[in-house]
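Protein chains in written order, with the numbering used here: chain R, 4 to 221; chain A, 4 to 221; chain W, 15 to 66; chain D, 2 to 244; chain X, 134 to 337; chain V, 134 to 337. Report on the structure given below.
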Amino acid sequence: MIALLSRDLALAVRAGGGFGLGLAFFLIVTVLVPFGVGPDSAILSKIAPGILWVGALLACLLSLDRIFALDFEDGSLDLLATAPIPLEGVVAMKAAAHWLTTGLPLVLAAPVLGVLLNLAPAAMGWLVLSLALGTPALSVIGAFGAALTVGLKRGGLLLSLLVLPLYMPTLLFGAELVARGAAGLATMVPTLMLAGITLGACALLPFAAAAALRVNLR
Amino acid sequence: MIALLSRDLALAVRAGGGFGLGLAFFLIVTVLVPFGVGPDSAILSKIAPGILWVGALLACLLSLDRIFALDFEDGSLDLLATAPIPLEGVVAMKAAAHWLTTGLPLVLAAPVLGVLLNLAPAAMGWLVLSLALGTPALSVIGAFGAALTVGLKRGGLLLSLLVLPLYMPTLLFGAELVARGAAGLATMVPTLMLAGITLGACALLPFAAAAALRVNLR
Amino acid sequence: MIPDLGKYAQAVIGAYALSIALLVLLVGWSMWRAARVRRQLNEIEARRVRNG
Amino acid sequence: MASLWQYANPQKFLQTTGAVLPVLAVLTALTLVVGLVWGFFFTPDDYRQGATVKIIYLHVPSALMAINAWLMMLVASLVWLVRRHHVSALAARAAAPVGLTMTAIALLTGAIWGQPMWGTWWAWDPRLTSFLILGLFYLGYIALWSAIENPDAAADLTTVLCMVGSVFALLSRYAVNFWNQGLHQGASLSMDAEENVADVFYIPLLVCIAGFVLLFITLVLLRTRTEIRARRISALLARERMA
Amino acid sequence: MELTVSDLSCARGGIAVLEGVGFTLHPGNALLLRGPNGIGKTTLLRTLAGLQPALAGRVSAPPEAIAYAAHADGLKATLSVAENLTFWARIFGTSGIDAALTAFNLCDLADRQAQNLSAGQKRRLGLARLLVTGRPIWMLDEPTVSLDAASVTLFGQAIRAHLDSGGMALIATHIDLGLDADKLDVTQFRALPQRLDAFDEAFA
Amino acid sequence: MELTVSDLSCARGGIAVLEGVGFTLHPGNALLLRGPNGIGKTTLLRTLAGLQPALAGRVSAPPEAIAYAAHADGLKATLSVAENLTFWARIFGTSGIDAALTAFNLCDLADRQAQNLSAGQKRRLGLARLLVTGRPIWMLDEPTVSLDAASVTLFGQAIRAHLDSGGMALIATHIDLGLDADKLDVTQFRALPQRLDAFDEAFA
Ligand code: HEM
Ligand SMILES: Nc1ncnc2c1ncn2[C@@H]1O[C@H](COP(=O)(O)OP(=O)(O)OP(=O)(O)O)[C@@H](O)[C@H]1O
Ligand SMILES: Nc1ncnc2c1ncn2[C@@H]1O[C@H](COP(=O)(O)OP(=O)(O)OP(=O)(O)O)[C@@H](O)[C@H]1O
Ligand SMILES: [Mg+2]
Ligand SMILES: [Mg+2]
Chain R
4 MIALLSRDLA LAVRAGGGFG LGLAFFLIVT VLVPFGVGPD SAILSKIAPG ILWVGALLAC
64 LLSLDRIFAL DFEDGSLDLL ATAPIPLEGV VAMKAAAHWL TTGLPLVLAA PVLGVLLNLA
124 PAAMGWLVLS LALGTPALSV IGAFGAALTV GLKRGGLLLS LLVLPLYMPT LLFGAELVAR
184 GAAGLATMVP TLMLAGITLG ACALLPFAAA AALRVNLR
Chain A
4 MIALLSRDLA LAVRAGGGFG LGLAFFLIVT VLVPFGVGPD SAILSKIAPG ILWVGALLAC
64 LLSLDRIFAL DFEDGSLDLL ATAPIPLEGV VAMKAAAHWL TTGLPLVLAA PVLGVLLNLA
124 PAAMGWLVLS LALGTPALSV IGAFGAALTV GLKRGGLLLS LLVLPLYMPT LLFGAELVAR
184 GAAGLATMVP TLMLAGITLG ACALLPFAAA AALRVNLR
Chain W
15 MIPDLGKYAQ AVIGAYALSI ALLVLLVGWS MWRAARVRRQ LNEIEARRVR NG
Chain D
2 MASLWQYANP QKFLQTTGAV LPVLAVLTAL TLVVGLVWGF FFTPDDYRQG ATVKIIYLHV
62 PSALMAINAW LMMLVASLVW LVRRHHVSAL AARAAAPVGL TMTAIALLTG AIWGQPMWGT
122 WWAWDPRLTS FLILGLFYLG YIALWSAIEN PDAAADLTTV LCMVGSVFAL LSRYAVNFWN
182 QGLHQGASLS MDAEENVADV FYIPLLVCIA GFVLLFITLV LLRTRTEIRA RRISALLARE
242 RMA
Chain X
134 MELTVSDLSC ARGGIAVLEG VGFTLHPGNA LLLRGPNGIG KTTLLRTLAG LQPALAGRVS
194 APPEAIAYAA HADGLKATLS VAENLTFWAR IFGTSGIDAA LTAFNLCDLA DRQAQNLSAG
254 QKRRLGLARL LVTGRPIWML DEPTVSLDAA SVTLFGQAIR AHLDSGGMAL IATHIDLGLD
314 ADKLDVTQFR ALPQRLDAFD EAFA
Chain V
134 MELTVSDLSC ARGGIAVLEG VGFTLHPGNA LLLRGPNGIG KTTLLRTLAG LQPALAGRVS
194 APPEAIAYAA HADGLKATLS VAENLTFWAR IFGTSGIDAA LTAFNLCDLA DRQAQNLSAG
254 QKRRLGLARL LVTGRPIWML DEPTVSLDAA SVTLFGQAIR AHLDSGGMAL IATHIDLGLD
314 ADKLDVTQFR ALPQRLDAFD EAFA
């Protein structure tokens with residue numbers, strides 16, 4: 004199982020794209036927004052939490068279809084399904100690899116980009132906290148969506164459509180957490196909800212995803 | 004030449020992704036932003052022009068690498084280069100096909116999404132005008148970037164980084180035009196600038212792109 | 015005939031027109047597809063009977 | 002009558018619904034026409050909302066059915082999951098476009114209502130927002146059904162999506178509520194008499210709701226019959242190609 | 134342990150392809166599956182390997198006893214030969230890839246990236262994976278595709294060593310492998326096109 | 134027109150693999166390339182087809198005369214058999230895919246998506262593509278992989294028809310195809326490891 008994780012990480016680092024793409028996209032979005040919206044720093048700092056979260060979400064969305072598609076095409080998904088590790092574990096490891104290569108860099112880069120968007124300094128910590136709590140859920144939900152659509156034509160488009168509504172609660176609580184943190188309001192509820200969503204998704208969705216994979220491999 | 008255009012359009016409509024992807028992405032961005040930023044309609048209507056323009060730009064950016072990459076991989080780009088039509092014409096047709104499948108749908112969908120973002124009704128016309136004037140430039144500039152990076156590994160990432168600074172003037176004038184229109188200010192200058200950029204890009208960039216293609220095909 | 019809707023006439027009539035149009039579309043599409051699929055199935059079953 | 006499950010047999014289902022459907026259709030048309038005509042022509046204006054209150058006869062029934070259609074799909078999917086009755090999977094598939102249309106009607110009438118009442122077509126109100134999300138769920142569900150060729154695999158995958166989607170739809174409902182206290186009316190259809198709207202509005206509304214429920218049932222039955230036939234057609238054609 | 138298959142039906146794309154398949158494979162034996170293109174050999178192997186459910190019938194061995202090698206080798210182009218093998222060894226909880234490398238003459242290529250191998254070298258790597266699974270029943274789908282004569286000999290030796298140590302092998306192939314093994318022509322199990330007279334059969 | 138190759142060197146991954154390759158192929162003839170795995174047959178074919186530059190040497194025929202069929206079939210999984218073929222027919226400006234479908238017994242499968250074909254059926258489709266290119270020189274890399282005996286016969290017929298109409302074929306293969314054609318063992322052209330004495334040679 005650890006072997007799968009380390010292989011996926013090695014592939015992501017080596018094979019181009021997988022690693023930098025999400026981060027670069029995040030950067031592009033957050034750099035573009037001030038140009039589009041205008042330099043008014045009051046407005047910018049108000050919309051910063053939302054923009055950063057939307058950017059993170061888009062960056063995840065873009066890299067999702069790689070989670071299973073490559074392994075499906077070259078036949079290793081078949082071999083993994085017959086290997087002596089549960090398919091649920093495979094899904095969990097794949098999601099973990101996705102988070103480590105996409106989610107984690109976003110969490111680390113977020114404070115820098117927060118400065119670009121005039122995010123209130125008080126909110127910086129909340130931003131990192133919310134991303135750290137929320138991005139694992141994005142990866143797991145994404146892995147579920149990728150398992151549903153592996154091997155389909157138009158998979159990419161369909162995947163975005165399927166995953167988008169599933170991302171909503173995470174996005175809402177995440178952005179709300181930062182916004183409340185910035186405004187000095189109580190942050191207990193969104194923090195708990197975000198953690199709850201992540202825990203629940205990590206605990207349950209691998210089973211749903213493995214079921215979907217089995218159907219798709221048939 | 005027309006044959007090339009119609010082939011590209013048919014491929015985009017049929018072969019999955021090419022057609023709907025840009026539009027779907029535009030939709031996703033504009034629907035997500037209010038969820039992230041919060042429901043305050045005053046703020047939303049202020050940032051709407053910028054967000055819509057950034058969304059359109061990202062939608063273009065995402066579909067750029069398909070302009071030449073697919074044809075390069077299956078070898079038809081080689082054949083096109085030796086065919087009795089100028090490579091400049093090939094570039095222009097490819098950019099036109101990209102605009103028709105990505106830019107035009109964005110222009111048509113923008114008013115609906117403007118409503119979602121509480122864009123001032125007065126600005127709706129300006130939004131459509133600015134997108135109609137600006138998106139052709141996005142396609143031509145993108146075709147140039149795609150020609151520069153065709154056949155490179157990590158091409159997608161590099162392409163985004165190359166094209167991004169070239170997109171800045173279009174983005175600035177486009178968003179400014181809508182913002183001024185919404186505020187009832189004079190819109191002459193950004194309109195002229197936007198039209199100028201588009202005309203200039205369409206007139207000159209195909210030659211640069213064809214030169215880049217020749218080098219990459221060597 | 016049409017009741018006095020005051021200044022909201024446009025909104026109310028628009029809402030009714032739009033909704034009824036959508037419903038008619040849905041019903042029409044469902045019935046059209048039902049008829050077409052039924053006809054296709056009958057054709058195919060008939061072909062099977064003829065061919066044994 | 003052995004058990005309810007015998008109606009999960011495709012042939013039996015076609016026979017039974019074939020007999021019921023005409024009656025049901027007439028009933029539906031009657032109820033809908035009576036309800037909507039009553040609502041449009043013979044109800045007074047509200048003292049605050051004026052004539053716009055008439056929109057309620059479309060808005061509320063369609064909103065209710067939009068949610069109920071998803072519930073019905075969830076139940077049908079669970080039946081497929083547990084008992085593997087093909088008809089229930091196809092019924093879930095048949096209900097989705099109906100639910101999507103209901104969602105669209107609720108959203109559109111709401112938007113038209115919002116313009117005079119709140120001064121805007123669209124506001125990021127929790128109820129509106131969660132309906133938008135529900136619409137997205139419907140779209141994804143329908144798209145997944147049509148993307149997969151093998152019908153059993155499609156039924157399994159959409160079932161998984163429906164179950165997971167239901168959980169996340171509920172979650173977003175709470176998230177959205179937490180995110181924004183909205184402009185929208187609270188529930189006023191409660192059984193609690195004091196809270197209720199006046200009977201002049203209430204009774205035609207009930208008729209309209211009944212009409213929409215009947216319409217939903219009729220359409221789902223009709224479309225399920227179509228799906229059953231389509232499934233048989235594709236099976237026959239596949240065999241023909243094999244032979 | 135032996136592998137007994139009785140009255141197995143398998144389907145692809147929802148349509149029965151083979152029906153009533155039955156055979157027994159004893160430890161130390163191999164069985165060659167023969168039959169024209171598209172008859173259903175791959176489908177049968179995938180069903181036995183547990184990748185898709187059978188329509189009917191019984192298989193005595195659990196999928197956990199079976200190592201499956203498909204038409205595709207499942208190699209990662211950017212990993213080296215040794216890395217590819219090590220990965221599968223870890224997944225299957227065995228240790229040591231040296232024996233596998235030697236058996237398929239891959240030692241010289243151990244540090245080469247898989248994308249820089251020739252077609253036959255890739256196939257050898259795909260076969261070497263079998264040795265690191267440590268599973269008793271091998272199911273091979275046209276294993277000698279792209280192999281030259283010397284490599285086919287290596288493959289034959291590997292199979293014999295596996296059988297001698299009590300393993301079993303089920304091999305779908307179109308060409309003669311030079312193994313003395315029983316042959317099973319799956320053409321005899323071809324599923325007849327179903328009549329679908331009763332309406333409900335379309336849902337079976 | 135004939136295909137004359139003289140003193141050709143070709144490289145893969147920057148390292149010379151074959152040196153001094155020379156042969157002549159006359160219209161109506163076929164040439165079988167033999168040699169162990171990894172000797173450089175694929176590299177040679179790719180070089181001749183113009184897919185990579187030669188280090189040295191001359192090839193008389195332009196790439197425009199050559200139709201190349203690689204290890205991979207280059208099929209679009211979501212297009213049907215007929216659509217895949219029609220696409221290539223249009224690209225090459227020929228018309229009519231019926232002859233190609235018939236020649237490889239694909240008529241029954243014409244509407245099947247390529248992803249729903251068996252391995253041998255996919256290969257047949259890959260070979261059928263050659264017929265719609267309308268080009269005189271065929272370069273085939275292990276064409277009969279996964280084919281059953283009947284399909285190998287079909288392939289032989291297609292080759293013979295092509296040769297009879299004045300075409301040429303260059304075929305890399307490990308197994309006997311039953312074609313009466315000249316054989317060329319490329320092992321004799323294996324490149325010697327270079328000495329790299331002068332510093333600049335590393336940059337040649
Ligand atoms: C796009 C916009 C809208 C959507 C999606 C929407 C959605 C809904 C939903 C889902 C319900 C049913 C809730 C329930 O029964 O528990 C409902 C009921 C209702 N809506 Fe809307 N609504 C929208 C706009 C409006 C507007 C603008 C008004 C009027 C100002 C309005 C007035 C009502 C009323 C009076 C009810 C009945 C409440 C009740 O009796 O439960 N809605 N709406
Ligand atoms: N979705 C589908 N619908 C109908 N038939 C299908 C579908 N997918 C595959 N088939 C058919 O199922 C049959 C079995 O294929 P399989 O891959 O098992 O054959 P095979 O014996 O392995 O052939 P080969 O020797 O070419 O590898 C083939 O005839 C194939 O065309
Ligand atoms: N980047 C590289 N660096 C060094 N050697 C390489 C590189 N890429 C390929 N090779 C080697 O080049 C040789 C030629 O490979 P080629 O694919 O042409 O062989 P082949 O004769 O077609 O073999 P097969 O019969 O297995 O298909 C192989 O030995 C391969 O390992
Ligand atoms: Mg096979
Ligand atoms: Mg080769």
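The C-beta atom is built at its ideal place from N, Cα and C for all residues, glycine as well.
One thing to note: Asp-281 of chain V has its Cβ no nearer than 8 Å to the Cβ of His-204 of chain X. With a threshold of 8 Å between beta carbons, Ile-199 of chain X makes no contact with chain D.
Chain-ordered listing is empty here: chain R has no CB closer than 7 Å to the CB of Gly-120 of chain D, the nearest sitting near 23 Å. Interface criterion met: the Cβ of Gln-116 of chain D is under 8 Å from a Cβ in chain W.
Against chain A, the CB of Ala-144 of chain D has no partner CB under 8 Å away; the residue lies outside that interface. Within the segment 169 to 203 of chain A, those residues whose Cβ lies closer than 9 Å to any Cβ of chain R are, in chain order, Tyr-170, Met-171, Leu-174, Leu-175, Gly-177, Ala-178, Glu-179 and Ala-182. Residue contact with chain D for Leu-107 of chain A: absent (no Cβ-Cβ distance below 8 Å to any residue of chain D).
For Cys-143 of chain V, the enclosing beta strand (DSSP E) begins and ends at 136 to 145. For Arg-217 of chain A, the shortest C-beta to heavy atom distance toward ligand 2 is 7 Å or greater. Proximity of chain R to Phe-179 of chain D at the Cβ level (cut-off 8 Å) is accounted for by Leu-175, Phe-176, Glu-179, Val-192, Pro-193 and Met-196, in chain order. If you draw a straight line from the Cα of Phe-14 of chain D to the Cα of Ala-90 of chain D, it is about 13 Å long. Cβ-Cβ separation between Thr-175 of chain V and Ser-251 of chain X: approximately 6 Å, consistent with a contact (criterion under 8 Å). Contact with chain R is found for Lys-49 of chain A, since one of that chain's Cβ atoms lies less than 8 Å from the residue's Cβ.
Between Ser-33 of chain W and Ile-106 of chain D, the C-beta spacing is below 8 Å. Taking 9 Å as the upper bound on Cβ-Cβ separation, chain R lies near residues Arg-179, Ala-182, Gly-183, Leu-184, Gln-185, Pro-186, Pro-196 and Glu-197 of the segment 176 to 197 of chain X.
If you compare the alpha carbons of R:Asn-121, R:Thr-173, R:Gly-148 and R:Leu-188 with that of Asp-43 of chain R, the shortest gap goes to R:Asn-121. When DSSP reads this structure, Tyr-201 of chain V sits in a beta bridge with V:Met-272.
Interface criterion met: the Cβ of Leu-24 of chain A is under 8 Å from a Cβ in chain R. Distances from the CA of Leu-137 of chain D to each of R:Leu-167, R:Gly-128 and R:Pro-124 were compared; the closest alpha carbon is that of R:Leu-167.
Checking the 7 Å criterion, the Cβ of His-204 of chain V is within range of a heavy atom belonging to ligand 5. With contact defined as three or more Cβ pairs closer than 8 Å, the segment 292 to 311 of chain X and the segment 271 to 279 of chain X are in contact. Rounded to the nearest angstrom, the gap between the Cα atoms of Ala-72 of chain R and Ser-79 of chain R is 10 Å.
The CB of Pro-87 of chain R comes closer than 7 Å to the CB of Glu-197, Phe-225 and Gly-226 in chain X, given here in chain order.
Per DSSP, Thr-211 of chain X has no beta bridge partner at all. DSSP places Val-154 of chain X inside the beta strand (DSSP E), whose first and last residues are 148 to 158. Distance between Ala-182 of chain X and Pro-196 of chain X, taken at the CA atoms: about 5 Å.
For Phe-217 of chain D, the nearest beta carbon of chain W is not closer than 8 Å to its own beta carbon. Of X:Gly-171, X:Asp-231 and X:Leu-177, the smallest CA-CA separation from Gly-190 of chain X is found for X:Leu-177. Per the Cβ contact rule, the segment 135 to 154 of chain D is not in contact with the segment 141 to 156 of chain A (fewer than 3 Cβ pairs under 8 Å). When C-beta distances to chain A are compared with 7 Å, the residues of the segment 124 to 135 of chain D below that value are Ala-124 and Trp-125, in chain order. A straight line joining the alpha-carbon of Ser-173 of chain D with that of Phe-237 of chain X spans about 56 Å. Here the alpha carbons of Pro-89 of chain A and Val-265 of chain X stand approximately 56 Å from one another. At least one heavy atom of ligand 2 lies less than 7 Å from the C-beta of Ser-251 of chain V.
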